């Protein structure tokens, strides 16, 4: 298990960052390594973002005692897990949950043992997760993508025709503060979250996947009047502080998982930014 620490930043400082500094502060490049559990602990709303590929042996989710000050990972946390690969299982305190591709599992505060396993070691699962602090236990719950209610938005004329699946939210899986879902862009569409927004009451993490090897997304971030971009490739994530926009355009269509945490769980709580006001 490896956990990297990222500290919080502010818009005044960030506008002076060069490319390398932007990437080192916000981009999470190497989440998926076979037989390893990699995590990034961000001081932005105390997000932990991680990925794990179990092959021949199951992999247990364990706390970094030094960084988390906890005896087990969910002692003071909750977690949302989405499988972005072939089938696998997540076992929570002895109860096994089968996750097919794009299925989601929420695990609440106080569960002591979470174990990841692939159905086929030669074609392993790829579990992506986000975790945030929690103050109350909510039941462990699985939602299959086939049972998640789709919301169709956008149009081909603006290159953002897409389907949103909300998994963990006020009208779905209940949680303390974690909100989590997934957006699938239809073929021929490349833009996400444009017109863009900020939400000063919560931060967000984007995880891009389902991209070809030579594909990429130009992820837009920063204060609306001082925008920057970061090149993001397949199965990479990017941290978006509350003051930053979070939008992007790809070289082809793609899928991304979004996770939010902070002051509230209202999905529509956004401060919209008109395109004419971006710089």
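Residue numbers (our numbering): 312 to 590.
Glycine residues also receive a C-beta, built at the ideal position from the N, C-alpha and C atoms.
Note that this is a predicted model, so its numbers are computed, not measured.
Looking only at its own chain, which residues have a Cβ that is under 6 Å from the Cβ of residue i, when we skip the five neighbours before and after it?
i           : result
residue 371 : 426
residue 540 : 529, 531
residue 415 : 393, 454, 478
residue 421 : 448
Among the options, whose alpha-carbon lies nearest the alpha-carbon of residue i?
i           : options            : result
residue 403 : 388, 424, 415, 387 : 424
residue 446 : 470, 466, 471, 487 : 487
residue 567 : 390, 394, 444, 329 : 394
residue 331 : 575, 542, 421      : 542
residue 348 : 439, 516, 457, 565 : 439
residue 444 : 437, 369, 352, 431 : 352
Within 10 Å of its beta-carbon, does residue i have 16 or more other beta-carbons around it, so buried, or fewer, so exposed?
i           : result
residue 500 : buried
residue 380 : exposed
residue 340 : exposed
residue 376 : exposed
Could you pull out every residue in the same chain whose Cβ sits closer than 8 Å to the Cβ of residue i, ignoring the five residues on either side in sequence?
i           : result
residue 590 : 535, 536, 537, 538
residue 461 : 474, 475, 476
residue 588 : 535, 536
residue 384 : 372, 373, 374, 390, 425, 442
I'd like to know whether the C-beta atoms of residue i and residue j end up nearer to each other than 8 Å.
i           : j           : result
residue 526 : residue 504 : no
residue 320 : residue 548 : no
residue 546 : residue 338 : no
residue 584 : residue 507 : yes
residue 417 : residue 496 : no
residue 490 : residue 570 : yes
residue 369 : residue 346 : no
residue 396 : residue 435 : yes
Cutting at 7 Å between CB atoms, please list the residues of its own chain near residue i, excluding the five before and the five after it.
i           : result
residue 510 : 553, 580, 581, 582
To the nearest angstrom, report how far apart residue i and residue j are at their CA atoms.
i           : j           : result
residue 325 : residue 335 : 12 Å
residue 574 : residue 522 : 32 Å
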